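See below for the structure under consideration.
Okay, here's the thing in structure tokens:
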């Protein structure tokens, strides 16, 4: 069922890939997973292998296809962080997430040292801060940390429902997943690639913000169909949009997947309409058109790369909670 349905998710957007993908994947595998962050899974080569198979640098390369190797590097580091963090705290508690949220943002903002932090990934975040601030302004970096805070708040809401073993409404589930998917922080790093920050009045324009939200939601709708079988096996159904649709509307799983596809297609139609009828941004028009162009490529790029990865298509490619949680608690 899943393969047939996933083939019906179409994106009329270009798909580019950064030529540095393989070189950055080598760095990720050998300098980070087997080097700088080896201590996380030092005695667990199977879990390290699964993280390597996820090809985080290739995902980053689909989303930042024209960035130089130096500028792509922090994006790849952040992409690896998202996996480590998601896997660890998918089995956490809302209270735990609040603490990790607070400390992660404090490290990123430079107000908490790695030595004083009580989170295992503090060193990674400190390195990320140093690397990103070479390429973007303090204001752009603030947009990034604000978006990351939004991700943590979404993750906390997911865990509240998971611990209650209750489903949110469909609308609330979509809103939660829009945040917890963690696409927004990557969209806020566009300045790393474009080297052209948008002025505040243009950056905050409702049309641009709506396009970002639609991109995140479309990725959610695709991801939920892709991962619903894994979510059923790992008890993560309470914040899967497909399962929320199935529960709230009392329909079959196949019907819920088709409804998810219908909602996705409505979002795609709105995205295309807004993209093709942007307001007049004057001298910034070309920059805005280019920015929306990059946003659209996250969708075609994600479908291309994730469709080939065991992490998103089987239970075997996903590190087990029994291995991840104890290790990262050290």
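Residue numbers (full-length UniProt numbering): 1 to 330.
Cβ coordinates follow ideal geometry from the N, Cα and C atoms, glycine included.
Owing to the predicted nature of the structure, the values given are computational and were not obtained by experimental measurement.
- In the DSSP annotation of this structure, residue 281 is not part of any alpha helix (DSSP H), being labelled neither H nor E.
- If you check the CB distance, residue 244 and residue 144 do not come in under 9 Å.
- Taking 8 Å as the upper bound for CB-CB distance, residue 37 and residue 124 are in contact here, some 7 Å apart.
- The alpha-carbon separation between residue 22 and residue 58 amounts to approximately 7 Å.
- In the structure shown, residue 76 adopts helical secondary structure according to DSSP, grouped into three states.
- Within its own chain, the residues whose Cβ lies closer than 8 Å to the Cβ of residue 297, once the five positions on either side in sequence are excluded, are 13, 14, 15, 16, 62, 63 and 65, listed in chain order.
- Residue 36: not part of any alpha helix (DSSP H); DSSP gives it neither H nor E.
- With contact defined as three or more Cβ pairs closer than 8 Å, the segment 79-98 and the segment 188-203 are not in contact.
- Restricting attention to 3, 118 and 7, the CA atom closest to the CA of residue 300 is found in 7.
- Contact between the segment 213-226 and the segment 246-261 is present, with at least three C-beta pairs closer than 8 Å.
- For residue 154, the uninterrupted alpha helix (DSSP H) run begins and ends at 138-164, by DSSP.
- Within its own chain, the residues whose Cβ lies closer than 7 Å to the Cβ of residue 268, once the five positions on either side in sequence are excluded, are 218, listed in chain order.
- Counting only residues of its own chain and dropping the five nearest sequence neighbours on each side, residue 278 has a CB closer than 8 Å to the CB of 207, 285, 288, 289 and 292.
- Inter-residue distance for residue 155 and residue 97 is about 8 Å (C-alpha atoms, whole angstroms).
- Counting the other CB atoms within 10 Å of its CB gives residue 252 a total below 16, which places it among the exposed residues.
- Judged by their CB atoms, residue 182 and residue 241 are not nearer to each other than the 9 Å cut-off.
- Your pair residue 71 and residue 192 checks out as a contact, with CB atoms roughly 5 Å apart and the cut at 8 Å.
- Residue environment analysis places residue 54 among the buried positions, since at least 16 neighbouring C-beta atoms fall within 10 angstroms of its C-beta.
- CA-to-CA, the gap between residue 126 and residue 239 works out to about 30 Å.
- Rounded to whole angstroms, the gap between the alpha carbons of residue 189 and residue 215 is 15 Å.
- Around the C-beta of residue 273, fewer than 16 other C-beta atoms lie within 10 Å, and the residue is accordingly described as exposed.
- In the displayed model, residue 94 falls within a helix according to three-state DSSP.
- Scanning its chain for C-beta atoms nearer than 8 Å, with the 5 sequence neighbours on each side dropped, one finds around residue 232 the residues 243, in chain order.
- A straight line joining the alpha-carbon of residue 107 with that of residue 118 spans about 11 Å.
- In this structure, residue 213 lies near residue 178, with their beta-carbon atoms less than 9 Å apart.
- Rounded to whole angstroms, the gap between the alpha carbons of residue 91 and residue 282 is 48 Å.
- Excluding sequence positions up to five before and after residue 25, its CB lies within less than 7 Å of the CB of 55, 57 and 58, all in the same chain and listed in chain order.
- In the three-state scheme derived from DSSP, where H, G and I count as helix and E and B as strand, residue 116 is classed as coil.
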